[in-house]
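A.B. asks:
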Amino acid sequence: MQSRSTAARIPRQEPENRTGDRGELPVPDRAPARVPGPTRPGLTGPGSTGPCPTGRDRGEPSWPPMSRRRAALFAGTFAVYLLVLAGVLLNTDLVDLDWSVRLLRPYERWPSLEPVLNAWVVVGQRGPSAIAAFAWLLWRARRLGRLRPLLVMGVALLLLNVTVGAVKIVTGRLGPHYAQYVGSPELFSGGTIFPSGHTANAVVTWGVLAYLAVRWRRTGAVIAAATACSIGLTTVYLGTHWVSDVLAGWAAGLLVLLSLPLLEPLVAVAEQRLHRRFAR
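Take a look at the structure:
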């Protein structure tokens with residue numbers, strides 16, 4: 000029988016964690032480490048599937064908050080927009096430029112271009128361009144298993160229609176074919192020509208496709224910019240828009256594109272809610 004002091008000096012041995020009688024090393028009793036990542040609101044706790052896959056994990060670009068460069072570009076574009084608007088409202092030399100091009104009548108000087116450009120201008124119309132864009136985005140959304148491509152385009156077009164539509168109503172400008180007084184800015188006459196919705200729609204529709212691209216984003220941006228520029232100049236050739244309408248349309252569309260990264264949280268929330276509703 001051992002004494003109490005001797006028994007106190009004997010260290011207490013913990014039971015060995017063996018997997019069998021073959022002398023294998025003990026297996027740690029712990030769960031594998033989880034990769035940290037953003038979680039979806041409302042999906043934590045019991046029944047959660049863990050971190051929500053980021054855009055990069057799904058093959059989609061992850062858009063950071065507006066950088067200084069993007070903010071500077073946004074401010075510069077907005078300044079141009081305001082300058083064009085002020086130039087029209089104050090009947091400056093910009094209106095004289097509008098009338099110089101109007102009286103030049105490009106469609107009469109170069110009539111051979113009219114059939115081609117009449118067909119090309121359809122690329123910038125809201126209906127045909129939206130149908131083509133949404134058809135491709137629907138295919139992309141089904142391939143990715145996400146609604147984000149469709150939601151981004153929907154939010155962009157909604158923002159465009161609200162902002163451009165408001166300025167159209169306020170200015171009430173008439174187009175070149177309906178102008179009443181030579182040299183007049185033709186404002187507050189019930190028109191809806193300023194800024195050019197045709198041009199702004201071309202910027203946003205094809206610009207969003209470049210924004211959502213993964214592999215060919217730079218190439219898509221160049222194609223979108225060339226398309227938007229040509230659509231705007233085509234409307235001037237056909238006499239449906241003043242030069243200042245097109246300048247304002249380019250600026251308005253670019254402002255919408257530059258705002259899209261700031262709207263990504265709204266798109267993410269909408270996507271989650273729609274996913275929950277359709278998953279029931």
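For the sequence shown, position 204 matches number 203 in numbering that gives the first Met the number 0, and the numbering has no gaps at all. Idealized CB from N, CA, C, for every residue including glycine. None of the values given here were measured: they were computed from a predicted structure.
1. Exposed or buried, which one is Y180 when buried takes at least 16 other CB atoms within 10 Å?
2. Please say whether L246 and T76 have beta carbons closer to each other than 7 Å?
3. Out of curiosity, what's the CA-to-CA distance linking T226 and K167?
4. Thinking just about the alpha-carbon of each residue, which of G123, W205 and L82 is nearest to the one in W135?
5. Return the CA-CA distance between A191 and A70, expressed in angstroms with no decimal places.
6. May I ask you to report which of helix, strand or coil DSSP gives I192?
7. Please report the straight-line C-alpha distance between L112 and L273, rounded to a whole angstrom.
8. How about the stretch 95-114 and the stretch 201-221: do they share at least three Cβ pairs that are nearer than 8 Å?
9. By the three-class DSSP mapping on this structure, what secondary structure does T234 have?
10. Using the rule of at least 16 other Cβ atoms within 10 Å of the residue's Cβ for burial, across every protein chain shown, is T234 buried or exposed?
11. By the DSSP assignment, the alpha helix (DSSP H) with N117 in it spans what residues?
12. Along the chain, where does the alpha helix (DSSP H) containing L72 start, and where does it finish?
13. With DSSP as the reference, label W205 as helix, strand or coil.
14. State the Cα-Cα distance for the pair R333 and V100, rounded to the nearest angstrom.
15. Grouping DSSP H, G and I as helix and E and B as strand, with all else coil, what is T91?
16. Could you pull the start and end residues of the alpha helix (DSSP H) that P148 belongs to?
17. How should G174 be labelled, buried or exposed, when 16 other C-beta atoms within 10 angstroms of its C-beta is the threshold for buried?
C.D. replies: Taking the definition as stated:
1. exposed
2. no
3. Our two residues, T226 and K167, have alpha carbons roughly 23 Å apart in a direct line.
4. If we check each option's Cα against that of W135, W205 comes out closest.
5. The question names Ala, but residue 191 is Thr in the sequence shown. Cα-Cα distance, rounded: 30 Å.
6. coil
7. 47 Å
8. no
9. It is helical.
10. buried
11. For N117, the enclosing alpha helix (DSSP H) begins and ends at E113 to W119.
12. Run containing L72: R67 to L88, per the alpha helix (DSSP H) assignment.
13. In the structure shown, the three-state DSSP call for W205 is helix.
14. Any answer about residue 333 is impossible in this case: the structure gives the chain only from 0 up to 279.
15. coil
16. For P148, the enclosing alpha helix (DSSP H) has its first and last residue at R147 to T170.
17. Buried is the call here.
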